[in-house]
Amino acid sequence: MLTLILIVLPLLVSISLFFVRNERWARNLALTTALVEFGISIAALVQYFLYCHCQLLFRFEWLANYGISLKFGMDGLSMLMTLLTTFLVSIIIFSSFTQKVARSSTFYSLIILMQAGLVGVFTAFDGMVFYIFWELTLIPAYFIAAYWGGENRIRITLKFFAYTFSGSLLMLVAIIFLYFRTPLPHSFDHIWLYANNLNPAEQVWIFLAFFIAFAIKVPVFPFHTWQPDTYVTAPYSGSMLLGGLMSKMGLFGMIRWMIPITYPVLNRTDGLFIIFPLVGIVYASLIAIRQDDLKRFVAYTSIAHLGLVAAGAMALNSQAMQGAMIQMVSHGINIVGLFIIIQYIEARTKTTSIRELGGIALKAPRLAVCFMIILLGSVALPLTNGFVGEFLILLGLFKYYWLYEADAGLTIIFSAVYMLRKYQRVMLGNTNTVTESFTDLSFKEMIPLVAILIMVLWIGIAPGMFMQLAENGVGQIIGIIR
Amino acid sequence: MTILISLIPFLPLFGFIILGLGCRSIPKRVASFLGPGTIISSFILSIIALSDYLASGIPHPTSFHLAPWLSFGGFSAGFDFLIDPLSILMMLIITGVGFIIHVYSIGYMSHDEGFNRFFAYMNLFIFFMLILVMGANYVVMFIGWEGVGLCSYLLIGFWFKNQQFNNAAKKAFIMNRIGDLGFLLGIFLIFTNFKSFNYVNVFDLAKTMAPGSGTMIAITLLLFIGAVGKSAQIPLYTWLPDAMAGPTPVSALIHAATMVTAGVYMVARSSVLYVLAPATMEVIGLASLATMFLAAAIAIFQNDIKKVLAYSTISQLGYMFLALSVGAFTGAMFHLMTHAFFKALLFLGAGSVIHAMEGEQDIRKMGGLKNALPKTYWTFLVGTLAIAGLPPLSGFFSKDEILAHVFSAGQSMWIITVAVTMMTAFYMFRLLFLTFYGNYRGNNHPQSRLHESPSVMTVPLMVLAFLAAICGFLNIPELMGGKGILKEFLAPVFADAVKLSQVQHLLVPERREWFNIVLVIFLVLLMAFRAYRRFGLRDAGHEMRDAGSKSVFIRLAEKKFYVDEMYDTVFVKPVLKLSEGLHRFVEIKFIDRIVDGTGNTIIKFSNIIRYIQAGNVGVYLFFMIIGIILILFFNIIL
């Protein structure tokens, strides 16, 4: 039941927000909803651990003739992603309060709609319902970027829309095709889809369709070129939603749908497809080193980090996949933290160009400390959240093929190179005319960052609960593969 | 008991948290009490741990599990600690020397506005360093391993207004990370082979394996890559001289006495694995010989007081690795300990000199400081005699033990080692004479303003001088009628390694050993004398006279053999070029162009049918979605 509330509540609020004219009320309603959602997901978590890890299933026969049912549930994977979604949406809404937003009731309505879509994607256990929510998230994402975005927003968001949408269409075709290969009576239920009887050739086509759809969404090299432009042009809340949550849809889709359905292809091709994200790690890391725009820089680091997650997901062993789940959570937290920091910097200096910044640490020690801790999470220092996931992914990749690990491990070196370079240019050194009158963070600005720092350290120091959730969910997927 | 022991690392962590959070509100007086206070408490607890270990009838190591951390698929790497002689020795060195340097810092940093921040970082460093040596598995060691790297980064770039210091800090972190990747791969290989991260389990299994297996060589080599980065050996040593950008107490504590010895500790800790990989031992031997020789050669021609000591540190770390490579694990740990005392002493002495010279670090502009800074001079002299290896100071005993082992393992190695010992004596006495003897040559800084440091700085110098002088007696070799207290203490740790050792040792007659000792002492004294002749009597005009006659080797050594420049051309610049090239050509002109091309073709195609349809995006999307629904609908029906 809680799962259903998690989806329906934001849907209802989103619709009613359209009609709220008072902007103050609108944003307070949005924040309240996000916090209530976060509370509900905590309640779901408690229930999950109290009642023997059962799936909190909700099922309603929707179009029974076609085997479509509204089937939602929470296994370990969904639980993790739902917690991440409700946590981050609260943070995102709160951090947007420091900025003036035009037509804010529509803006917050779209964010809340996005949340409904995301929770739907992460909890759907029916292929068609998954697809519907998958597309549902694209609508608010597109409009947020297209209406509240910066330069060239129409051209860039159209590219984003067309690119991801064409990927989704491939997935739709694949899901429908799969439906006809499920045992009789045909159904879109995940158990039926897992139990398909595709022949090897069909498996390859279905795999490719899924792979491309998910790879575009993450994005995985070389399907990533929509992403840097979109992150740059979208408003901060939009970039956070895209980078923190929407990218996880692709990775989650790989683990929940692509791998259990078409793992024989991954086995037969013997790690061929892992090469894409592996190349992406090095490629995007290298490009990130010389980026001047902070948002574009974060976009490229994201391609590198998520490449590692995608590689971990496809290594088909429990350590790597468990690490991938943890790393999805960590990356979501860290990238939102980075975007918040960039948002604060741009609000004060009116620029995101690294060349124009410098010496901020002298003026804003609080910001410097927050930035440093999130940076340490991003470079995966032990006792921060980044380490736990990266360690497991690299260990799993090592078991898969040591050379893959050696390549992916380069991220340890590269992340230090690009992160420290940018930190040095932005925060250290002496102040200049742009940063001379930089003011430190206010109490209100600290709140979302402190919440993020707590998560960075919590997952880093005591990851037990998160690891258990990931292990439970991954165990089932691995069980299917074996 | 375990509660008390687990407090040892967490007291400094507590200090870090308090000082870090109250960075701007805590008064200096409180910070100068709290910062060293946590460390001395840990030191006292370490002594309790030592006496507890010794008191327990038959001494045996204690290990305990503090909290779970990473657990997956039935395996786990928790916060586990192991208290055995090796970790106790390291804990005592870290907290002992750490405390002395903290006290010294009260004086050295007293005028710095970042006083609290400094002590916060130093406390954090001690925490990570203790975690490194107290951990009972490789993953916990890795926490400390990376953590001390972070603190090193933060403290090298402590004065972050200066971008050159920041560059040095960044370089240190990145070079360490290169090593860390090797270390991590080594941990993974250990795990895949032994199904555990725990020292005890790993070593127990390893003991049953045949020596010289490929896996064992791979594991040890990968771990050694980590040590190369952390302990500044060839080829990853260039960060350490640059690291001198940090405040001098940092150089003393992190970049001389403790952190850089982590690699030595790690190899000693993994001694069972290393003795089973003779090929790795040979690699370590060669790398360390090359490192100690190269670094000593560079040290002779440096003019920055801290740079001389930095290259000396690299060279002395080479000694320790050389000792490890011939299976002299106790010798390595012994030298680690004596080096911690005398090198910390020398750095702090250098700090006192720099303090008196108000920031001047060029020894060509010093000279004759002996009268103005008597306490600094006398303690510095003790440090110099100790590192040069003159009896009865500590360096003599620890170097002698290494030299004796090296001699019995191979005479050509021994000759190089003796040569490096001579070079060490030469550059150290050169440093001593140029700084404290001859005439004062500082032209920017009037001699009358020279002043001895306050006692909060000189007392630590004296304590360290005392330790550097006497701690050699802890391990007097049997040759001289000693019992080798340290050797006995550490024996249980290295018992397995000694049993499994593959290194062939010659039996050296006692007479020959005595001859070697006397020969080395004579050569060291000769070098001291030569240094005195050349540098002891300098006045201001001396510099001009030796300008003309420089051999190629000297010119190269003065320029540090252009290694930094080479790395810059071979690695740094190409990576930056590649970064830009990839973005400009591959990303924008190739990949994105294909994507845009595909999109544009579709748009062009749609332009043709534009006349039929309304032509705006919204309508297209509308029809798209209608289309999907129709496809879906028909598919399901059919």
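The listed protein sequences correspond, in order, to chains A and B. This note's numbering puts the first residue of the first sequence at 48, with every later residue one more than the last. This note's numbering puts the first residue of the second sequence at 14, with every later residue one more than the last. Heads up, the beta-carbon is just placed ideally off N, CA and C, and yes, glycines get one too. All values derive from a computational prediction rather than experimental measurement.
Can at least three beta-carbon pairs, one atom from the region 374 to 394 of chain B and one from the region 448 to 463 of chain B, be found at a separation below 8 Å?
yes
Any Cβ of chain A within less than 9 Å of the Cβ of S84 (chain B)?
yes
Here's a check: name, in chain order, each residue in its chain whose Cβ is nearer than 8 Å to the Cβ of M557 (chain B), leaving out the five neighbours to either side.
For M557 (chain B), the predicted structure reports a pLDDT of 46, less than 50, and the residue's modelled location is therefore unreliable. A value from the coordinates is still provided. Once the five neighbours on either side are set aside, M557 (chain B) has no close Cβ partner at all.
Could you tell me how far apart the beta carbons of G164 (chain A) and T184 (chain A) are, in whole angstroms, since I believe they sit closer than 8 Å?
4 Å
Could you list which residues in chain A have their beta carbon closer than 8 Å to that of F155 (chain B), in chain order?
P429
Is P412 (chain A) close to chain B? Criterion is C-beta to C-beta, closer than 9 Å.
yes
Taking all protein chains shown into account, do 16 or more other C-beta atoms lie within 10 angstroms of the C-beta of Q177 (chain B), making it buried, or fewer, making it exposed?
exposed
So which residues of chain A does G170 (chain B) contact, with C-beta pairs closer than 9 Å?
Q471 and L475
Pairs of beta-carbons, one from the region 168 to 187 of chain A and one from the region 270 to 282 of chain A, closer than 8 Å: are there three or more?
no
Presumed contact (8 Å Cβ cut-off) between A335 (chain A) and Y465 (chain A), rounded CB distance:
4 Å
When you compare the CB of G286 (chain B) with every CB in chain A, is at least one pair closer than 9 Å?
Note that residue 286 (chain B) is Leu in the sequence shown here, rather than Gly. Answer no: the Cβ-Cβ gap between L286 (chain B) and chain A never drops below 9 Å.
Beta carbon of F119 (chain A), beta carbon of L130 (chain A): below 9 Å?
no
Would you kindly work out how many angstroms separate the C-alpha atoms of V152 (chain B) and I200 (chain B), rounded to a whole number?
8 Å
Mapping DSSP to helix, strand and coil, what is L58 (chain A)?
helix
For F445 (chain A) and chain B, any beta-carbon pair shorter than 9 Å?
yes
Just to make sure I have the definition right: I need the residues of chain B whose C-beta is within less than 8 Å of the C-beta of K264 (chain A). Which are they?
The contacting residues do not exist; K264 (chain A) stays about 15 Å from chain B at best.
Restricting to runs no shorter than 4 residues, where is the alpha helix (DSSP H) found entirely within the region 241 to 293 of chain B?
252 to 255, 261 to 265, 275 to 282 and 284 to 288
Within 9 Å, strictly: CB atoms of T316 (chain A) and I253 (chain A)
no
Where does L64 (chain A) land, buried or exposed, given buried means 16+ other C-beta within 10 angstroms?
buried
Roughly how far, in whole angstroms, is the beta-carbon of V533 (chain B) from the beta-carbon of V431 (chain B), given that I think they are within contact range, below 8 Å?
6 Å
Going by C-alpha distance, which of A:I191, A:P324, A:P266 and A:L404 is nearest D339 (chain A)?
A:L404
Shorter than 9 Å from the beta carbon of H655 (chain B) to some beta carbon of chain A?
Since the first and last residues shown for chain B are 14 and 651, residue 655 (chain B) lies out of range.
Using beta carbons (cut-off 9 Å, strictly below), is P282 (chain A) in contact with chain B?
no
Of the residues B:F138, B:V241, B:I114 and B:R546, the one placed nearest L361 (chain B), counting alpha carbons only
B:I114
Could I get the ranges of all uninterrupted beta strand (DSSP E) runs contained in the region 361 to 441 of chain B, with 3 residues as the minimum, in chain order?
none
Under three-state DSSP, which class holds S425 (chain A)?
helix
Which value, in whole angstroms, describes the spacing of the CA atoms of L20 (chain B) and Y324 (chain B)?
35 Å
Candidates A:L255, A:S349, A:G522 and A:L504: closest to M293 (chain A) by CA position
A:S349
Please classify E452 (chain A) as buried or exposed, where buried requires at least 16 neighbouring CB atoms within 10 angstroms.
buried
Identify the contact partners of E452 (chain A) in chain B, using a Cβ-Cβ distance below 8 Å as the criterion.
L198 and F201
Per DSSP, which residues does R106 (chain A) bridge with? Please list them.
A:K118
Considering only their Cβ atoms, is the gap separating A133 (chain B) from I101 (chain B) smaller than 9 Å?
no
Rounded to whole angstroms, how far is the Cβ of L135 (chain A) from the Cβ of V383 (chain A), which I believe are closer than 8 Å?
5 Å
Beta-carbon spacing of V267 (chain A), G354 (chain A) below 9 Å:
yes
Cα separation between L58 (chain B) and V43 (chain B)?
22 Å
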